[in-house]
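In what follows, a structure is listed as C-alpha cells, so that the remarks can point back to it.
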Amino acid sequence: MSGEGKEPQAIRKLQPGRLVIASHNPGKVREIAALLDGRGLDVVSAAALDLPEPEETGTTFVMNAELKARAAADLSGLPALADDSGLCVDALGGDPGIFSARWAGEDKDFARAMDLIEAKVAESDPNPARTAHFVCALALAWPDGHVEWFEGRVDGTLVTPRRGTKGHGYDPMFQPDGHAQTFGEMDDDAKNGVSHRADAFRQMVAAVF
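For the sequence shown, the numbering used here puts the final residue at 269, and the numbers step up evenly by one.
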C-alpha cells in the first residue's frame with residue numbers, strides 16, 4: 061500500500077487486461093476511464109457486470125474504497141479499482157465528507173445536497189469561511205486479496221450561485237484554488253489536470269504501471 065508522506069511503492073504491478081471500475085456512477089466511471097486511457101486496460105464498470113453495490117460501512121475514504129474494490133474483485137474474479145471521494149467543508153467540520161453521496165439521497169439528487177450544504181453553511185456563521193476540499197481515495201484490489209491504495213486532495217472555495225453543468229456531484233459549487241472556473245464549468249481535460257482524483261491517479265500510475 062502507499063504510505064502518507066512517502067513515494068508509493070507498489071508490491072504488484074497492474075498488468076494489461078480487463079479491469080473493473082467498482083462504481084455505479086456513470087460520471088465517475090467516465091472520468092476514471094479517461095484517466096486510464098492508453099494504459100492497455102479493457103475497462104468495464106461494476107454496473108455493466110451487474111455487480112451489487114456494497115454497503116459503505118467504513119469510517120474513512122480509504123476504508124470505503126477498499127471495501128468496494130475488494131467486493132468487486134471477489135465477485136468478478138478480476139482486478140478492481142474503486143474510488144471513494146467526497147467534499148469536506150471547513151465551516152461544517154469536514155461534512156459531508158465520507159457521507160457526500162448519502163447527502164444526495166437514494167435518488168442521487170446532488171442539487172438538493174448542494175442546497176443542504178448552503179443552508180448549513182449559512183446557519184454555521186453569519187459570515188462563514190467558504191473554504192473546502194475534495195478528497196479521493198483509490199483502492200486497487202486483486203481477487204487474491206492484495207490491495208494498493210492512494211489518496212489525493214484539492215483545495216478550493218464554495219461558490220454561490222453554482223456555476224456549470226459539466227462534471228458530476230458537487231462540481232458546480234466548487235472552485236479549485238488558482239482557477240477561475242468551477243469543476244462544473246471545466247471540460248474533462250482541464251478538470252483531470254487539477255482534481256483530487258487526478259492527484260490520486262498520478263500516485264497510482266507512478267506505482268503500479
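Just so you know, even glycine gets a beta-carbon here, dropped at the ideal spot from N, CA and C.
Just so we're clear, the structure is a prediction, and the values are computed from it rather than from any experiment.
For residue i, does the three-state DSSP call read helix, strand or coil?
| i | result |
| --- | --- |
| Val219 | coil |
| Ala161 | helix |
| Ser105 | strand |
| Asp259 | helix |
| Lys66 | Because the pLDDT at Lys66 is just 47, under 50, the model does not fix this residue reliably, and the value given afterwards should be weighed accordingly. Residue state, collapsed to three classes: coil. |
By Cβ distance below 6 angstroms, which residues in the same chain neighbour residue i in space, the five residues on each side in sequence not counted?
| i | result |
| --- | --- |
| Pro236 | Val214, Gly216 and Val254 |
| Val181 | Ala151 and Pro188 |
Leaving aside the five residues before and after residue i along the sequence, list all residues of the same chain whose C-beta is less than 8 angstroms from its C-beta, in chain order.
| i | result |
| --- | --- |
| Asp185 | Ala151 |
| Val122 | Asp144, Ala197, Ala199, Trp209 and Glu211 |
| Met174 | Arg222, Tyr230, Pro232 and Met233 |
| Leu95 | Asn252, Arg257, Ala258 and Phe261 |
Within its chain, find whatever has a CB closer than 7 angstroms to the CB of residue i; leave out the 5 residues flanking it on each side and keep chain order.
| i | result |
| --- | --- |
| Ala70 | For Ala70, the pLDDT reaches just 48, beneath the cut-off of 50, and the residue's location in the model is therefore unreliable, although a value from the coordinates is still provided. Counting only Cβ-Cβ distances below 7 angstroms, and skipping sequence neighbours, we find Glu208, Ala267 and Val268. |
| Lys226 | Gly244, Glu245, Met246 and Asp247 |
Buried or exposed: which applies to residue i, given that a residue is buried once 16 or more other Cβ atoms fall within 10 Å of its Cβ?
| i | result |
| --- | --- |
| Thr242 | buried |
| Phe159 | exposed |
| Lys73 | exposed |
| Arg130 | buried |
| Pro76 | exposed |
| Glu91 | buried |
Considering only their Cβ atoms, is the gap separating residue j from residue i smaller than 8 angstroms?
| i | j | result |
| --- | --- | --- |
| Ala201 | Pro139 | yes |
| Leu79 | Val103 | yes |
| Ala142 | Ser83 | yes |
| Arg223 | Gly244 | yes |
| Leu147 | Phe210 | no |
| Gly87 | His228 | yes |
| Ala108 | Pro203 | no |
If we define contact as Cβ-Cβ less than 8 angstroms, is residue i a contact residue for chain D?
| i | result |
| --- | --- |
| Gly87 | Annotation note: the requested chain D is absent from the structure, which comprises a single protein chain. |
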